[in-house]
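J.:
Number of protein chains: 4
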Amino acid sequence: MKNKGFEDFLDADKPHEECGVIGYVSKNKNYDVSTPIYLGLYALQHRGQESAGIATYNEGFINVKKGKGLLTRVFNPEDFKSLKGNIGIGHVRYSTTGSGYIQNVQPIIAQYWGGMIAISHNGNIVNSKELRDKLIDKGSIIRSSSDTELILHLISNEKRHDIEKAVLNAIHKLTGAYSMVMIADEKLIGIRDPYGFRPLCLGKTDNGFVIASETTALDIINAKFVKDVDPGEMIISDGEYYKSVKFKKNERNALCVFEYIYFARADSVIDGISVYEVRKKMGMELAKMSSVNADIVIPVPDSGVTTAIGFARQAGIPFEIGLFKNSYVGRTFIHPGKDERGIKVRIKLNPIKSVLKGKNVAVVDDSIVRGTTSKRIIKLIREAGAKEVHMFISSPPIKHPCFFGIDTSEKKTLIASAHTVEQIKEYLEVDSLIYITIEGLARAVGKPLDSLCYACFNGDYAIPVDEEGSLSKTILEEYKVFER
Amino acid sequence: MKNKGFEDFLDADKPHEECGVIGYVSKNKNYDVSTPIYLGLYALQHRGQESAGIATYNEGFINVKKGKGLLTRVFNPEDFKSLKGNIGIGHVRYSTTGSGYIQNVQPIIAQYWGGMIAISHNGNIVNSKELRDKLIDKGSIIRSSSDTELILHLISNEKRHDIEKAVLNAIHKLTGAYSMVMIADEKLIGIRDPYGFRPLCLGKTDNGFVIASETTALDIINAKFVKDVDPGEMIISDGEYYKSVKFKKNERNALCVFEYIYFARADSVIDGISVYEVRKKMGMELAKMSSVNADIVIPVPDSGVTTAIGFARQAGIPFEIGLFKNSYVGRTFIHPGKDERGIKVRIKLNPIKSVLKGKNVAVVDDSIVRGTTSKRIIKLIREAGAKEVHMFISSPPIKHPCFFGIDTSEKKTLIASAHTVEQIKEYLEVDSLIYITIEGLARAVGKPLDSLCYACFNGDYAIPVDEEGSLSKTILEEYKVFER
Amino acid sequence: MKNKGFEDFLDADKPHEECGVIGYVSKNKNYDVSTPIYLGLYALQHRGQESAGIATYNEGFINVKKGKGLLTRVFNPEDFKSLKGNIGIGHVRYSTTGSGYIQNVQPIIAQYWGGMIAISHNGNIVNSKELRDKLIDKGSIIRSSSDTELILHLISNEKRHDIEKAVLNAIHKLTGAYSMVMIADEKLIGIRDPYGFRPLCLGKTDNGFVIASETTALDIINAKFVKDVDPGEMIISDGEYYKSVKFKKNERNALCVFEYIYFARADSVIDGISVYEVRKKMGMELAKMSSVNADIVIPVPDSGVTTAIGFARQAGIPFEIGLFKNSYVGRTFIHPGKDERGIKVRIKLNPIKSVLKGKNVAVVDDSIVRGTTSKRIIKLIREAGAKEVHMFISSPPIKHPCFFGIDTSEKKTLIASAHTVEQIKEYLEVDSLIYITIEGLARAVGKPLDSLCYACFNGDYAIPVDEEGSLSKTILEEYKVFER
Amino acid sequence: MKNKGFEDFLDADKPHEECGVIGYVSKNKNYDVSTPIYLGLYALQHRGQESAGIATYNEGFINVKKGKGLLTRVFNPEDFKSLKGNIGIGHVRYSTTGSGYIQNVQPIIAQYWGGMIAISHNGNIVNSKELRDKLIDKGSIIRSSSDTELILHLISNEKRHDIEKAVLNAIHKLTGAYSMVMIADEKLIGIRDPYGFRPLCLGKTDNGFVIASETTALDIINAKFVKDVDPGEMIISDGEYYKSVKFKKNERNALCVFEYIYFARADSVIDGISVYEVRKKMGMELAKMSSVNADIVIPVPDSGVTTAIGFARQAGIPFEIGLFKNSYVGRTFIHPGKDERGIKVRIKLNPIKSVLKGKNVAVVDDSIVRGTTSKRIIKLIREAGAKEVHMFISSPPIKHPCFFGIDTSEKKTLIASAHTVEQIKEYLEVDSLIYITIEGLARAVGKPLDSLCYACFNGDYAIPVDEEGSLSKTILEEYKVFER
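Note that the protein sequences, when read in sequence, are chains A, B, C and D. Each residue of the first sequence is one higher than the one before, starting from 1 at the first, in the working numbering. Each residue of the second sequence is one higher than the one before, starting from 485 at the first, in the working numbering. Each residue of the third sequence is one higher than the one before, starting from 969 at the first, in the working numbering. Each residue of the fourth sequence is one higher than the one before, starting from 1453 at the first, in the working numbering.
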């Protein structure tokens, strides 16, 4: 967080997705996939803004360009001249604290017994410390602090099998969340872990096949949606055909429900369900919980917009834009420190007085992590003349850390882990505070509770973890000053 | 346009505001105004994204930092160490074709008989060619192609008066649109032309006074709104007090109505009227004109959102987000040229199929300039499964060029200047096309027709211009390769 | 000086040339002169490293690219695509303290009664304050702190004459040093002041004519030397022919003798005399003054090399390289402050012990300004094992400031202005210290004393100046925070 | 070569050193070695200009900063804040064609069984293909195309020994040239291969020990020379003491004689012999071979200067600077292609006509690789008026490629591999051409022939190689598009 300017504080108080991936294989050897991969990453930029990279396979070699920052900063037009090749993968990354080193930027490439291999990964391997220890004990050197390099080692250790068998053997040693794409053996490979923690979908173009984190990446390049990659499924394609291998069936699915609440783009469809529709229904669920007589409903932009639309419709209360968001992203050079006048929040949000003055306002937001930003926003709304402020949150209280690819900060910083809703209400100085229930959320999604992961709300982790030991955190700390 | 990446094409098909200005004078000599000016410019960034600058006055000298690009690119934290001083002005600029030279970036600074002077200007001087010729004839050298330098020459020619008199004498020689701020004689000066083409407002902080293009720039620094600077008014302030000089009364006001339709931020209040409320009312006016039985109303984001809310409420039709906008601004490196698959529009907008499929859709947008983008958007909506598409435009057909600070492209590129609404409807391939009427627009604004400039719709220019001669364009072309 | 890294300290203790200029006019309208001008500036880079610029004239317009830093940093290949035109001028600049603002970077361009004009200037106008005051009094605005803009104002004030007459009238108002090139009226104009303080020469290619500060700029583009531009001469050329106007004859010439000692490149020929040969003769003169029985002669690189060769030959003592100079220029990030171990000097110079050990060493350098660097170098030589160190300086003691384009620091920092040679010898801790005499220097040049300016040695200024008032310094300070 | 601007062509026609290394360990845990390492690299910059890096060990972690370009471009002052630690290594690199990928930039860091390890390497491992194949066969992944990563793998495979034993076991598997420094087990380790192909020396400061490629890196930080690291010697130090391990004695030494001829800085002392003195003696040897009656001796700067001094003294002919070298390094944007006017060579070198005109000139240069540049230089000298041109080369004809760390281009581009001296003389159009003999060169060095490697002259490789198979080249090509 120390690397960030202050303008990011709004985002800083949200849970963070860690990655977006995409792979493309064309049956036409002369068709360069780097440009469609770039476009796909552009549509996945919301899943990671701190680094980006593209690797392409061409006649035995793999070309890579990667770097820190937004996609548009990392890539120049001339890069595409050298990113030749009909198979490619891409990656956008939000790096958790301490691991923002250039060595960790993906895709990661290596030479192994099968030639060259490249990988892009979204998720978190919870047994990475054990894997790392075993590899080192066997005499391996490890050149990054990322989980992803470990996967390459595991594949490399399965030597002289065919690639499909080698990858499957390696994958079986992984515990945790992994939606990944690979280039190996002149094929594109996509894999989603048996719980399906992170989304992954398959699309088709006239040229070949695309595998991506979200359908929005298919849409931007006009690819047709074929299917979601199922939990425990591996897709292998040469561009002409694709083959599906169901490598493991688990007792339950565990797609992260936060994909629907906040991470995924509203225009994506995940595991058959429209994110936009889920969000509208969450708003409706929230409206049903409310006895408040609000004059207007306003979202905290941008994430609360769809939910507020659903809320307004259900409640029969006018939907308004009460907070205007400055759309010019980028670093502002405002010194940290005391902020008596609330300038930090004003940089991003300005209340529209004519909308708020004298009104009872229902404010819809998607989540409260630490609560500091919400408090500032409420103050802003009150200063603009709102009479009453009622806050509606479309996620249940976040009480538990995530071990499967989301950076929710440490448990102690989660306001709901140590405070009641009543206490949070008082801290925020709102007239009322309504969180959606886990059941209401499940109704909005329209699937049984055990089809998704609600662990950050209820502590019910699909894979057993030592919540206090925070195993994944340990690993990151151990190698924290690794390389830049 | 040739300097632009493709991602800008959405904006490229909109009229363009040319500038935002701000000035701040503190009564406390030790208070540096550069940081609040920076924040104010951040809130005015929508008025100009191609260059930015700040000048501050300190003990007889004026410091300046300016450059090309967004504010956050032009300024570094260390710049503020040298931008000392209790009086300052800032500027953001959209440069019209051919004048994007560094020499023209504002504020412009010079030494004159009164010491140092700095100026930031929003507008367009229609008699600049005559003024330029006269100055040169008198033996002056002119070092830029901008109107703004001419104003400094005129002031400098009024030598040995007191500054107030000198500025007024100079201003009286100007014909056209000018909302400007200046540093001169240890004071901050703000001036708005007698027609009030461009907005300008006065605010107050604990330290002193602020003059800015829009109230949103006051809000971000917690300044209290004092008054709009009236057409024909000059404000002079030393930070302790301010003085108002009404230097000219004209028969009519001519605030550009496009400020309400599109340019200004929805959270600003211009000449006493909330932009947000006007936009909502425009939507209501449009809804009243419609006999269409739409299932949903969707905006073309971001500009159409507020209008669509008003439309939906008046028509009693559900408001939905049917087009998702990618919020990552910046250059994408997509080669221009044929675009059979509509990728150019997909980069910015993705239709949400679950919303659009099988629906009769009312689409609300603020304006149509050339029509090419609208056509692509309509196609996108249809491909997502919409049954019928009805388009509602919250500005009347744009038929005439602007000579007062807006870049609407040349007359021949304005689709409405040579085509009927029916023809445009056919070109766009919509089921119906409704433009707001000038009268409806005036009702939404809530002021008589002759209080604003509707010239781009009706050709009724407040100041006579030779529409075909396009006098301002000539000047720009004449010096087009001036300096970088 | 505060802007400089430490690696520049060697240069920091030398007098500084302020500019190099070049102009090129081709008779062939389709021949772009920007590339040869760029090459010429490359050969003049030693005359100024802080900014560079090129302006070209093409069909009524003047294109400019300029910026801070070395030529290779300022220019990109694509710049030359827009620097079209068959007439051009270039400039490299060493900016004196306080005037390193981008507004002052040359060439300077303006519109005047004759169209567009561009100018590059090397020198210093000693009556610039009076000229500036008069211009401002007449109502002009002045947009930089440089002398050069004033010259454009003077020309502009001579309106409606033909350009030749206008320029001459303007030039007659200037007092001081000026070697300049201009683009005006579709011609290239070169002017050298009546004293000829700074060099200027004319060359010829198959395409047209070149005017440049030194012959080395002609050599690099294979131009044939035609003649030195004489003091008081103006050259005007359209590329086909050139015309010479002798606009003023002065009683004496005053070419800066430091051009021969240090500024000019050894491969240049100035006013008919080879710089290399003068330097060798200076070494011979020094050797004749010495009764020292040195074992070897070593130069302080690079400037002392030629002189040391001459010294060695005259004295019959072996010439050696005793100090190795690191050729990688650029900023090193060594913190200023105490430097007990002499690292600052070691970064640039390393003594070769096998050469120096046990030897009586004659060290040849071109000048001593403050003496601090010389002292460190002597220490280095002693630490490498030299038995005796005898220092020979090829310029007489510098006792007076320069008002004609050289930055010698203030008088009080000149060690020789307040100390005897004996005192300086003791300060430097050398066994002997020999300065060349003014007469010896004149013999080496081979011209009478009154053909050159020796004012920094003997205070005999060709143009009367108030040495204590340091008029030029005043001007620079007055506008010191002008613009960046 | 395609990455290079044209200004580099002079260097392009020289053999290329591939690396410089330095390591520093302080006994004082609070002393950060990054700044002295930076200075040391500054003094080694001539050994590699394409990338640079520094790694430091601090409390169990290793920090790294590395990048492409000159040292001063790679490092910023703030980098040193994070480069904490009392043990550090640095590297400068000239990358051979095809391997300029960021992944290969050194130092290389990894985690292994002993914690963190870092390595900087100068040389070339001739059995790297076999080593790579074996490692991959064992299941390793290899993430770069550099030899250096392989060394880390070998050490990692020697698991659970103490570090000293592990490193020695690993080293015994290497065949080829390697002078390297490492951080491992809280110690600094320096190793020089049994033939001593590349130089390596040990120095001492008040704080600890320094190991570097050349003594000039010791001098700049005021370290005292302790000893050359012997061929087959490993040095291990904790900052307090150092330990020497002679791990292998070979029948012969093979220090690259080109270190004396061209690569090393003249102020360095290698294996007890001053580079400067060797070069002077080479000049004397050449002079003894000549019966030419030259009027003057001139060097091709900068490399020929010392040799020319020796020549001039032996021959009793005056030493002169006949070619002036532009000292402003950096890219010039001159389009490649035909160069009828010899501008490419003029950019760097300008003949001094007053020196050359009418003279019989002895030109001294260090080597001829392809001959194209020499030909251009001769032409330049003749055009300046030289009567006769006699060329003296201080290396014997280069006929064989190097496999031990030098990039001499392919055999077929070596003019002397397919042409007699007489033919080369005719190609260069010189009046005579004298190469030093291998015996003369050995006399200048003052050591028996079998103490150094003269293989590029006589094909007598200390380690058997397949000259036509050019094994090292194969490897580079195989992974040539590895990563950027």
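All C-beta atoms in this analysis are idealised placements derived from N, C-alpha and C, irrespective of residue type, glycine included.
1. Go ahead and label C/I1116 buried or exposed: buried means 16 or more other beta carbons lie within 10 angstroms of its beta carbon, across all protein chains shown.
2. Check each residue of the segment 1558 to 1570 of chain D: if its Cβ is closer than 7 Å to any Cβ of chain A, include it; give the result in chain order.
3. Which residues bound the alpha helix (DSSP H) around C/A994?
4. Rounded C-beta distance between B/G455 and B/G599? I'm assuming under 8 Å.
5. Please list, in chain order, the chain B residues whose beta carbon lies closer than 8 Å to that of A/Y42.
6. Let's test the definition: count the other Cβ atoms within 10 Å of the Cβ of D/G1768 and tell me whether it reaches 16, buried, or not, exposed.
7. My output table needs one value for A/V465: the three-state DSSP class, helix, strand or coil.
8. Smallest Cα separation from C/P1045: which of C/N1054, C/G1037, C/K1033 and C/I1055?
9. Answer yes if the segment 556 to 570 of chain B comes into contact with the segment 518 to 538 of chain B, meaning at least three C-beta pairs across the two stretches below 8 Å, and no otherwise.
10. Report the three-state DSSP secondary structure of D/N1515 (helix, strand or coil).
11. Tell me which residues share the same chain as B/Y911 and place their Cβ nearer than 8 Å to its Cβ, disregarding the 5 neighbours each side in the sequence.
12. Count the other C-beta atoms from every protein chain shown that fall within 10 angstroms of the C-beta of A/P107, then say buried if there are 16 or more, exposed otherwise.
13. Is A/P194 near A/K159, with beta carbons less than 7 Å apart?
14. Could you list which residues in chain A have their beta carbon closer than 8 Å to that of B/I704, in chain order?
15. So which residues on chain D does C/A1234 lean against when the C-beta distance must stay under 7 Å?
16. Where do the ends of the alpha helix (DSSP H) carrying B/H637 lie?
17. Return the CA-CA distance between C/I1204 and C/V1197, expressed in angstroms with no decimal places.
18. Taking the straight line between their C-alpha atoms, what separation do you get for D/C1653 and D/V1678?
19. Would you say B/E761 lies against chain A (beta-carbon separation less than 7 Å)?
20. Is C/A1023 closer than 7 Å to C/I1085 when the C-beta atoms are compared?
21. Assign B/S969 to one of three DSSP states: helix, strand, or coil.
22. Would you kindly report the start and end of the unbroken alpha helix (DSSP H) that includes D/Y1728?
23. What does a CB cutoff of less than 6 Å around B/F941 pick up in its chain, not counting 5 residues either side in sequence?
24. Assign D/I1593 to one of three DSSP states: helix, strand, or coil.
25. Does the beta carbon of A/S274 sit closer than 7 Å to a beta carbon anywhere in chain B?
26. For a minimum of 4 consecutive residues, which ranges assigned as the alpha helix (DSSP H) are wholly contained in the segment 854 to 921 of chain B?
27. How would you call D/P1788, buried or exposed, if buried means at least 16 neighbouring beta carbons within 10 angstroms?
28. Compare the Cα-Cα distances from A/Y112 to each of D/G1591, D/A1562 and D/T1627 and report the closest residue.
29. Assuming A/A287 contacts A/F319 under a Cβ cut-off of 8 Å, what Cβ separation, rounded to an integer in Å, is found between them?
30. Cβ of B/Q907 less than 7 Å from any chain A Cβ?
31. Examine chain B for any beta-carbon lying closer than 7 Å to the beta-carbon of A/T216, and answer yes or no.
T.: Taking the coordinates as given:
1. Looking at the sequence provided, one finds Thr at residue 1116 of chain C rather than Ile. By the 10 Å Cβ count, C/T1116 comes out buried.
2. I1561, A1562, Q1563, Y1564 and W1565
3. Note that residue 994 of chain C is Ser in the sequence shown here, rather than Ala. Here C/S994 belongs to no alpha helix (DSSP H); instead the beta strand (DSSP E) covers C987 to S994.
4. Because chain B is modelled from 485 through 968, residue 455 of chain B falls outside the range shown and cannot be assessed.
5. Within 8 Å Cβ-Cβ: N810, Y812, T816 and I831.
6. exposed
7. coil
8. C/K1033
9. yes
10. strand
11. G855, K859, I899 and H903
12. buried
13. no
14. Contacts between B/I704 and chain A, judged by CB atoms closer than 8 Å, involve I343, R346, I347 and N350 in chain order.
15. I1773, F1776 and I1804
16. D631 to N641
17. 11 Å
18. 8 Å
19. yes
20. no
21. Nothing about residue 969 of chain B can be read from this structure; chain B reaches only from 485 to 968.
22. In the DSSP assignment, D/Y1728 falls within the alpha helix (DSSP H) that extends over V1727 to M1741.
23. P880 and I922
24. Coil.
25. So, interface residue.
26. 856 to 867, 899 to 902 and 905 to 912
27. With a pLDDT of 46 at D/P1788, under the threshold of 50, the predicted position of this residue should be treated as unreliable, though the coordinate-derived value follows. By the 10 Å Cβ count, D/P1788 comes out exposed.
28. D/G1591
29. Their Cβ separation, rounded to whole angstroms, is 11 Å, which puts A/A287 and A/F319 out of contact at 8 Å.
30. no
31. At least one chain B Cβ lies under 7 Å of A/T216.
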